[in-house]
Amino acid sequence: MARYNYTQAFNKLIQFATLFGYKVYVNSDNNYVLLDVQEIHISPNPIEIKVYYLLHELGHIIVDINQFHDDDYEYDIEVIAWLRGIDIANQLQIKLNIDKFNKLKQICLDSYKN
Ligand SMILES: [Zn+2]
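In my numbering, the protein residues as written are 5 to 118.
Quick look at the structure:
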């Protein structure tokens, strides 16, 4: 079986971000989205992991469009943004290793618990 092309998937997601008016910066110090200035920042990682982070940050855009409010818990928004990331992957037919994706999700969510 041919190796899945995550570089192609990553580029597809950058295009998807552009549809929402977002610019993606790929060599940032961390992974985050700035909703006010429409920027997504992705840090250096293996390309598959970069795809998963980008899916999550795009998930934040979708969550924001659905008008979650400041009184929603930050942790809940994080969980939903990861779930929306899966929706985006399905929509764009991007292959996920769900175990790997969930492991990354859990590491990130754990950092919000303290
Ligand atoms: Zn997040």
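A virtual CB, placed ideally from N, CA and C, is assigned to each residue, including glycine.
(message) Could you compute how far the alpha carbon of residue 103 sits from the alpha carbon of residue 25?
(response) Counting from one through the sequence shown, the residue named residue 103 turns up at place 99. Counting from one through the sequence shown, the residue named residue 25 turns up at place 21. Roughly 31 Å separates the two Cα atoms.
(request) Locate the alpha helix (DSSP H) running through residue 83, then write down its first and last residues. (result) In the sequence shown, residue 83 corresponds to position 79, counting from 1. According to the DSSP assignment, residue 83 belongs to the alpha helix (DSSP H) that extends over 78-95.
(request) List the DSSP bridge partners of residue 52. (result) Start at 1 with the first residue of the sequence shown, and residue 52 comes out as number 48. Note: residue 52 sits in no beta bridge, so no partner.
(message) When you compare the stretch 27-35 with the stretch 47-55, are there three or more beta-carbon pairs, one atom per stretch, that lie closer than 8 Å?
(response) At 8 Å Cβ cutoff, the stretches touch.
(request) Please name the residue, chosen from 43, 21, 84, that lies closest to residue 113 on a Cα-to-Cα basis. (result) Against the sequence shown, residue 113 aligns to sequence position 109. Distance from the Cα of residue 113 is smallest, within the candidate group 43, 21, 84, for 84.
(request) For ligand 1, list every residue whose C-beta falls under 6 Å from any of its heavy atoms, going in chain order. (result) After applying the 6 Å Cβ criterion, the set is 60, 64, 82, 85.
(message) Using a 10 Å radius around the Cβ and a threshold of 16 neighbouring Cβ atoms, would you call residue 37 buried or exposed?
(response) Position 33 of the sequence shown, counting from 1, holds the residue named residue 37. Buried, since its Cβ has 16 or more Cβ neighbours within 10 Å.
(message) Quick check: residue 62 and residue 46, are their CB atoms within less than 8 Å of each other?
(response) Reading the sequence shown from its first residue, position 58 is the one you call residue 62. Reading the sequence shown from its first residue, position 42 is the one you call residue 46. No.
(request) Measuring alpha carbon to alpha carbon, tell me which of 48, 13, 50, 20 ends up nearest residue 42. (result) Position 38 of the sequence shown, counted from the first residue, corresponds to residue 42. The residue among 48, 13, 50, 20 with its C-alpha nearest the C-alpha of residue 42 is 20.
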